[in-house]
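Protein chains in written order, with the UniProt record's numbering: chain P, 1 to 543; chain Y, 1 to 85.
Structure record follows, encoded as structure tokens.
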């Protein structure tokens, strides 16, 4: 048995024979051409055919991995139609009276070296792109039909490197895994492998890999290991690991795209809590129905200055667009207490959890608040955004916030900037707000119950004090009564109510929440599938 | 002639996808469009030239627009950079 290690691009276990993917070595010969105009036409015909192929590849990739992953093939088309590229080819044919193949090869080589010499890893990848498009034209010029049939049986594809077009062209039912000697995690092939859920390793350094063709191998994407000719015990271990993984993925697949509905037909939304735009991938992977709590603090915490309207707008717009019409609830700035930012220059407090924080700062320093609201409203034009305000304790606060929102809307109208009339909700996380939730419900579009703060304020337990941990009981009847009361008041006023604190993910309370007719639970993305399973197994009428 | 500066915020820089979008945008104007970074310039309608500038995050670029629709082009391109890069 020989063992190699590399970098994992997508995990999973694959067991099978190796099929070495060898690029056809295209020896381009230079020869003299008499009629250069005719040669230029010959090139143009090949180029047009290549663009046609790329259009088809684009459509294939859109179907397999979505438009983001497919975008590279659109860029490839543009590269082939680039005037610098075409001028270079024409110039070489005309001035040197040479064949189109030679002109393409030289042009490709020149651009390849421009990109390959760049220090930026991402731009270096473009060298591979130029090579890829040029090889496509060369294949067409040579009159060969490129065949994608690599093997008859499903195999582990082993290659020096794979161009995106090569990856997409492979018949996926014949691919167990990808292993490449080179490549980077930034490469489009890596991105495609990830979106296609195929185990893939890159940077597996090995020599003479071509001799491995046909050998039995195992790819362990969890550890980044490639085993060639595995021994009996490795084989059995991996077989077992593969089976476990398969079962896990099957359960997920079984639950993917399924509704969050109980046996007796009660629906509840399962949304995700996120702390930055970096969490988006896991929101989508875990099939969240929306984002129930987008903590906007990260925009402030990661900077040494107040984030500008543009910086915020870009982040909100990105999330709105990526969630493609699903609801995204952005919570306005909740800074203070345990979350401190230097440039806010907040004074030290004796009791920060009950101090100068969240909406209290925003209503005081309205310029900061308005900047955030402007960014948020502008981004609302690009998706399905909603906004919620933290730490509300009174009706006056709600009215004041709404007044500021109206002012901001008038500003945007005057500047002719588009926005939507988004839903506005409040966090119910103080006993004060809970007790007047019937009054507050008249003024807002939804409630989101923040159980962490609600518990600490109701039970007078400091969350930061580890000595008090045993007293911090979010199942305390007082908390559950509060939640019931808030839900009833919301429903009476005809608005919806969600829970976004840690309690939402507590599956021992899922039945209780269903009985209270809670409309939405917002949890860390990894809790969505387990909760969906729990909900689908519950019969509320029998509780 | 219209000119403006812009500092790239996207962490990958002016990478393949936005470069493609940019060329689509610039191609819709009649004006000549130049993108300049550190004395190196590229035609704003040519994707390989733009990418060969190797524009990274925090790089400041200058966009120069000249032609009959320069006002409109400069405005729309400014907006494009803000929204995409």
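Beta carbons are placed, not taken as given, at the ideal position from N, Cα and C, and that holds for glycine.
Keep in mind that this is a model prediction, so the values were computed, not measured.
- Determine the extent of the alpha helix (DSSP H) in which residue 37 of chain P is found, giving its start and end residues. In this chain, the alpha helix (DSSP H) harbouring residue 37 of chain P covers 36 to 80.
- Query: Should the stretch 5 to 25 of chain Y be called in touch with the stretch 46 to 65 of chain Y, which here means at least 3 C-beta pairs below 8 Å?
  - Reply: They touch, by the three-pair rule.
- Task: Can you check the stretch 416 to 444 of chain P for any beta strand (DSSP E) of at least 3 residues that lies completely inside it and give the ranges in chain order?
- Result: For the stretch 416 to 444 of chain P, whole beta strand (DSSP E) runs of length 3 or above, ordered along the chain, are 423 to 428.
- Query: Smallest Cα separation from residue 329 of chain P: which of P:335, P:317, P:340?
  - Reply: The shortest C-alpha separation from residue 329 of chain P is found at P:317.
- Task: Consider the Cβ of residue 114 of chain P: report whether some Cβ of chain Y lies at a distance smaller than 8 Å.
- Result: Yes, because at least one Cβ of chain Y sits closer than 8 Å to the Cβ of residue 114 of chain P.
- For residue 130 of chain P, name the three-state secondary structure that DSSP assigns. In the three-state scheme derived from DSSP, where H, G and I count as helix and E and B as strand, residue 130 of chain P is classed as helix.
- Is it true that the stretch 153 to 166 of chain P meets the stretch 65 to 82 of chain P, where meeting means three or more beta-carbon pairs spaced less than 8 Å apart? A contact between stretches requires three or more CB pairs, one per stretch, nearer than 8 Å, and the stretch 153 to 166 of chain P meets this requirement with the stretch 65 to 82 of chain P.
- So residue 203 of chain P packs on residue 7 of chain P, CB below 8 Å; how close in whole Å? Confirmed, Cβ separation roughly 5 Å.
- Message: Taking only three categories from DSSP, how would you classify residue 66 of chain Y?
- Response: Residue 66 of chain Y: strand per DSSP, three-state reduction.
- Query: Residues in its own chain within less than 7 Å of residue 305 of chain P by CB, not counting five upstream and five downstream?
  - Reply: 343, listed in sequence order.
- Near-chain Y residues of the stretch 70 to 99 of chain P (beta-carbon distance less than 8 Å), N- to C-terminal order: Cβ contacts with chain Y: 71, 72, 74, 75, 78, 79, 82, 83, 84, 85.
- Message: Helix, strand or coil, according to DSSP, for residue 526 of chain P in the structure here?
- Response: The three-state secondary structure of residue 526 of chain P, taken from DSSP, is helix.
- Distance, Cα to Cα, residue 490 of chain P vs residue 520 of chain P? So the two alpha carbons sit approximately 13 Å from each other.
- Mapping DSSP to helix, strand and coil, what is residue 205 of chain P? In the structure shown, residue 205 of chain P adopts coil according to DSSP, grouped into three states.
- Residues in the stretch 47 to 60 of chain Y with C-beta within 8 Å of chain P's C-beta atoms, listed in sequence order? For the stretch 47 to 60 of chain Y, the residues whose beta carbon sits under 8 Å from a beta carbon of chain P are, in order, 47, 48, 49, 51, 52, 54, 56.
- Task: Label residue 465 of chain P either buried or exposed according to how many other C-beta atoms from any shown protein chain fall within 10 Å of its C-beta, with 16 as the threshold for buried.
- Result: The residue is exposed, with fewer than 16 neighbouring Cβ atoms inside 10 Å.
- Unbroken beta strand (DSSP E) run spanning residue 329 of chain P, endpoints: Boundaries of the beta strand (DSSP E) around residue 329 of chain P: 327 to 331.
- Message: Please report the distance separating the alpha-carbon of residue 372 of chain P from that of residue 218 of chain P.
- Response: Rounded to the nearest angstrom, the two C-alpha atoms are 51 Å apart.
- Give the DSSP-derived three-state secondary structure of residue 8 of chain P in the structure shown. Three-state result, residue 8 of chain P: strand.
- Taking contact to mean at least 3 C-beta pairs separated by less than 8 Å, is the stretch 469 to 481 of chain P in contact with the stretch 441 to 459 of chain P? With a cut-off of 8 Å, the stretch 441 to 459 of chain P and the stretch 469 to 481 of chain P count as touching, because enough Cβ pairs lie within range.
- Sub-8 Å separation of residue 79 of chain P and residue 55 of chain Y beta-carbons: It is not a contact, given that the beta carbons lie outside the stated cut-off.
- Please name the residue in P:141, P:115, P:505 whose C-alpha comes closest to that of residue 131 of chain P. Here the closest residue by C-alpha is P:115.
- Item | Contact set for residue 209 of chain P: own chain, Cβ-Cβ below 8 Å, skip 5 residues either direction | Cβ neighbours of residue 209 of chain P within its own chain (closer than 8 Å, five residues either side excluded): 20, 158, 160, 181.
- Identify every run of the beta strand (DSSP E) within the stretch 262 to 291 of chain P, keeping only runs that are complete inside it and at least 3 residues long; order them along the chain. The stretch 262 to 291 of chain P contains these whole beta strand (DSSP E) runs: 269 to 274.
- Message: Less than 8 Å between CB atoms is the rule here; does residue 23 of chain Y satisfy it with respect to chain P?
- Response: For residue 23 of chain Y, the answer is yes, since a Cβ of chain P falls inside 8 Å of its Cβ.
- chain P partners of residue 20 of chain Y, CB-CB under 8 Å? In chain order: 71, 74, 75, 78.
- Can you find at least 3 beta carbon pairs, one from the stretch 97 to 112 of chain P and one from the stretch 24 to 39 of chain P, that sit closer than 8 Å? The answer is yes - the stretch 24 to 39 of chain P touches the stretch 97 to 112 of chain P, with three or more Cβ pairs under 8 Å.
- Proximity winner among P:155, P:178, P:169, P:89, relative to residue 138 of chain P (alpha-carbon distances): Checked all of P:155, P:178, P:169, P:89; the closest Cα to residue 138 of chain P is P:89.
- Query: Under 7 Å Cβ-Cβ, which residues of chain Y neighbour residue 310 of chain P?
  - Reply: Near residue 310 of chain P (Cβ distances below 7 Å), the residues of chain Y are 82.
- Could you confirm whether any beta carbon from chain P is found closer than 8 Å to the beta carbon of residue 12 of chain Y? Interface residue, yes.
- Query: Is there a Cβ from chain P that is less than 8 Å from the Cβ of residue 16 of chain Y?
  - Reply: Contacts with chain P at 8 Å (Cβ-Cβ) include residue 16 of chain Y.
- Closer than 8 Å at the beta carbon, the chain Y residues around residue 126 of chain P: What residue 126 of chain P touches in chain Y, judged by beta-carbon distance under 8 Å, is 16, 51, going in chain order.
- Cβ of residue 473 of chain P within 8 Å of any chain Y Cβ: Against chain Y, the CB of residue 473 of chain P has no partner CB under 8 Å away; the residue lies outside that interface.
- Query: Given that a residue counts as buried once 16 or more other Cβ atoms are within 10 Å of its Cβ, and exposed if not, what is residue 447 of chain P?
  - Reply: Classification of residue 447 of chain P: buried, given that the 10 Å Cβ count is 16 or more.
- Task: Please report how far the alpha carbon of residue 471 of chain P lies from the alpha carbon of residue 461 of chain P, in whole angstroms.
- Result: Computed Cα separation, rounded: 7 Å.
- Is the CB-CB distance between residue 303 of chain P and residue 15 of chain P below 8 Å? In this structure, residue 303 of chain P keeps its C-beta atom at 8 Å or more from the C-beta atom of residue 15 of chain P.
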